[in-house]
Each structure stands twice: as C-alpha cells, then as structure tokens.
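Keeping their order, the protein sequence lines are chains A and B.
In terms of my numbering, the first sequence opens at residue 1 and continues consecutively.
In terms of my numbering, the second sequence opens at residue 1001 and continues consecutively.
The beta carbon of each residue, even a glycine, is placed where N, CA and C say it ideally should be.
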Amino acid sequence: MAQAKAVRNKKLVAKTLIYGALSAAMYAAVFTHTTVIMAYFTKGFYYAALPILTALGFSFVHAAFAGNVWSLLGIEAIQKRPQPRPAAQPRPAATRRPRVRAQMST
Amino acid sequence: MHNVGLEGLQFIELTWVSAAFLFVVGFIGGLVSGFIGSGGAFVLTPGMMSLGVPGTVAVASNMCHKFPKAMVGAYKRWRYGQVDLKLGVVMAASATVGVQLGIKIQEAILARWGQAGSNLYVSLAFVVVLVTVGGYVFYDAWKISRSGNPDVPSTPPFALWLQSINLPPMIYFKTADIRISLWFTIPVGLATGMLAATIAVGGFIGVPGMIYMVGAPGLMASATELVIAFLMGLGGSIKWALNGMIDIRLTLIILAGSLFGVQLGAIGTTYVKDHLIKVVMGTIMLMVAVSRGMAVPKYLAELDLVNLSTSTTGFLMKCSFVSMCIALMVGAVIILGAMWKAKRAESASENLLPEEELAHVEQHV
C-alpha cells in the first residue's frame, strides 16, 4: 500500500517537473520575443488563429502543470463515498407445505 | 495585410508589478469561476484598464483568457459528474443570439445618448440585475441553510411547474435528469447572452436561471455555465482576434494564475454542500451591485443630470474599483474557508473511524 503510494508520488513529481519545465519554456519563448509576437498576433484576419491557438496550447500544458501541483500538495477532489445499498436478505429455505389429507374410513 | 489592431491602439509596457497584479487577480478570478461558473471578468477588465490598457484591448485580452480557463474548469467538473453537456450547448446557442441582441441595444443607446449614456445603462443594468437576482439567490441560500437539511438539493417550485408543462419540443437532459420544454430554456439563454454583452458576466443570470427556471442543482448549474462560457468566449475571442485586438502577453499572464485558480475552485465544489454555491454567488452579486452603484453618480454628472466635482466622482470611481476587488476577495475567502473546514472534518472523521468501528464491534460481542 505504502509502496504503491510512493511510486504514485514519484510519477506525480516527474510529471509536474516535465509539465512545469515545458510551461516555463513556452512562457520564456513568448516573453523574450514579444516584439515579433505582438507584430504578428495583432495582424488580424488569417493571423487571428495565432492568439487563439497559443491560448489553447498554453492552457493544455500549464493546466496539466497546475493540476499536478495541487495533487502534489494533497489538494484533490473528495471522492464521494457511494451510499451502501441495503444488503439483500437471504431467501428463506423452501419448505414443504403441509397438505391436508382427508381419509374416508370405510 | 491590413493591421487593424495596432492602428491607433497602444499596447502597454509590462512591468513586474503589473504582471504580478494580473497573475494574482487571474488566480482569484479563476478560483471564483471554477466554483460558481463565472466571475473574475468584472474585476479583470477594469483592473487592466487601470494599468493603462485601452478598453477594447482589455475586453479582448480578458475574453481570450476566459475561454481556455472555462474549458479547463468544465473538463475538471465534467470528470466529477457535474456537467450537463447538452444543457450547456442548448443554453450557449440561445445565449449567442442574446449577445447579438445585447450589442444592438448597446449600439442604440450609444447612438442616442453617447458614451456617458452607455456607461450609465451598463451601471444601472449591473445594479438592477444584481440586486434583484443576487438578492433572491442570497435569500434562498439563507433559507436553505436555516432549513436544517441543506444536504439535499430540492427543485424550486417554479422549475417544477415549468417542467410539468408539456410544450413541444420537450428536451431531456440526462445528467441533470430534467425534462423540460425547449421554450423555457431559451429565455434563460437569451438573458445570459444579453447580460454577457452588457456587463461581461452572463453567469450572474445563467446560473440562477438554470437553478430556478430549468431546475438544475446549484453545483450542476455552475459547472454547466463553464461550458456556456467556453463556447461564448471562444466565439468572442475569434471575433476580437480577427480585428487584432488581443494582447497575448496580458492573456498569458492572467491564464498563468487563473489555471491554478479554476482547478482549485473546481476541486472545492467536491468539498461543499450544494447551497454554498448560492451563498458565494449571492454575496458577490450584492457586493458588486453596491460597487457599481458607486459609479452611477459619475455618469449622471457626465449627462448633466447632477452636479458633482471631478474629485468627488474620481473618489467614487476608486471606491467602486476597490469594493469590486473586495467582492472577489470575499468570494475567494468563503470558498477557501469552506474547503479548509471540509478538509479538516474529513481528516477528523478518518481518524475517528477505526474507534467507531471498534465500538461497533464491541457492542455486538
């Protein structure tokens, strides 16, 4: 149990680091080339796809990073415990009905 | 290529302070949006404008951060089983028409009374809608918390009555388990879109509309609102991007904070009871109404309807912005406080469980 948790934590740390590095690299790429980026991203028409796709791309990578950070900090959704359904009662064993027998004495 | 965006528009120089401000407001706005399905935008746009960003660029950049944030929030809450995708798409379709209607009304007011008239209309719409709807939402939340049984969300009587009317075409929303006529969802969508076009926060009508008219539970209505926000935000962003109005630097900084916030808000919904959505929403709406009410005298003065000095109107506008930030902060504090309380209760019950089980076993021995 504890071993499985440790393996899970290791994986989580690795994923957080990868997504964090990727996100940081993407932000660095944009903010070190703002002049060129602003010139193209504000051209309109066909270039309109650039800000939309950039926002989408960043949201995938950065959201994955942010989600992993919360998980690492132990902030995760509470799994609502399903209410236990009443257990089915075992059927009483079938018993033979007493039969009424009438006998005629001759 | 014709450059529409840079013509006559100055994109601001970014400093560390302004970037930190946008990141923090983005985080808090995201937290509130992830929890109640909307909010944050009403502080971000004036916040950006206070940094010197032109109004149209502020609106465009804000909208471009809104749709990916809403997408992430909607996905997260869909995984928790809180999103009714069909309801979201149906509402978004009529909300799109509502946005166009709202824009037409705005244009007509702008042409008739100018910028001051338009600002006055927006502020009055803020005050009237938020006081009426927010007041009712808050009253309902208060009533539920006093009822002694806030755990079980009940369908409002008006929604039950609408659901009982068989007016074709009837639609069945599977996740929400609601069967209602399409004609009753349309006014909610239209009003959502119209409010979005007027005050940029359609969710202040959309979420209460889905709760009190359609009959969706508060948690599901707020989660479904994120689908509407995504679809409407995507459409709006494409429109602004075609005109080259989006400042991607601002969008990405806000997104950096809001993607943390929106996920925390979404996680928070799994910790709380249904009626807390109404508490947070009602509180924020009433506080924002007060804040916008403070801006009304300035626009009345601009229309020469009242006499006020520039310093007084300037002071009132500052108070208006600060109280709006406070509204957002109060919402965030309620959410984080409720999460903290629920987390503590959960850990306490986990620690108590073995003892309880032990006592149970001892009783039966």
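Excluding sequence positions up to five before and after B:GLY1209, its CB lies within less than 7 Å of the CB of VAL1188, ALA1191 and THR1192, all in the same chain and listed in chain order. When B:ILE1248, B:THR1310 and B:ALA1289 are compared, the shortest CA-CA separation from B:GLY1135 is found for B:ALA1289. By the neighbour-count criterion, in which a residue is buried when 16 or more other Cβ atoms sit within 10 angstroms of its Cβ, B:LYS1076 is buried. Taken through DSSP and simplified to helix, strand or coil, B:SER1154 comes out as coil.
Within chain A, the residues PRO51, ILE52 and ALA55 have their CB atoms less than 8 Å from the CB of B:SER1237, given in chain order. The segment 1235-1253 of chain B makes no contact with the segment 1167-1183 of chain B; the number of CB pairs closer than 8 Å stays below 3. Annotation: Cβ neighbours of A:TYR27 in chain B (cutoff 8 Å, chain order): LEU1252 and ALA1256. B:ALA1093 is not a Cβ neighbour of B:PHE1230, given a cutoff of 8 Å. Here B:SER1181 is bridged, per DSSP, to B:MET1170.
The segment 1158-1166 of chain B makes contact with the segment 1197-1216 of chain B: 3 or more CB pairs, one atom from each, lie closer than 8 Å. Rounded to whole angstroms, B:LEU1226 and B:PRO1297 show a C-alpha spacing of 34 Å. Sequence-distant partners of B:ILE1012 (beyond 5 residues in either direction) whose C-beta falls short of 7 Å from its own C-beta, in its chain, are LEU1051, GLY1052 and VAL1053. Proximity of B:HIS1275 to chain A, defined by a Cβ-Cβ separation below 8 Å, is not satisfied.
By the Cβ rule, the segment 1265-1283 of chain B does not count as touching the segment 1083-1102 of chain B, because fewer than three pairs are nearer than 8 Å. Within the segment 29-43 of chain A, contact with chain B at the beta-carbon level (separation under 9 Å) is assigned to VAL30, PHE31, THR34, ILE37, MET38, ALA39, PHE41, THR42 and LYS43. The three-state reading of DSSP puts A:LYS5 in helix, counting H, G and I together. With at least 16 other beta carbons inside 10 angstroms of its own, B:THR1224 counts as buried. Taken in chain order, the members of the segment 1259-1275 of chain B whose beta-carbon sits within less than 7 Å of a beta-carbon on chain A are LEU1259, PHE1260, GLN1263, LEU1264, ILE1267, THR1270 and TYR1271. Nearest to A:HIS62 by C-alpha distance, out of B:PHE1126, B:LEU1255, B:GLY1337 and B:PHE1027, is B:LEU1255. Taking C-beta separations shorter than 6 Å and ignoring five residues to either side along the sequence, the partners of B:MET1245 in its chain run GLY1005, THR1056, VAL1057 and ALA1060, following chain order. A distance of 8 Å or more separates the beta carbons of B:SER1123 and B:ALA1338. Three or more beta-carbon pairs separated by less than 8 Å are not found between the segment 69-78 of chain A and the segment 28-36 of chain A, which leaves the two stretches without contact.
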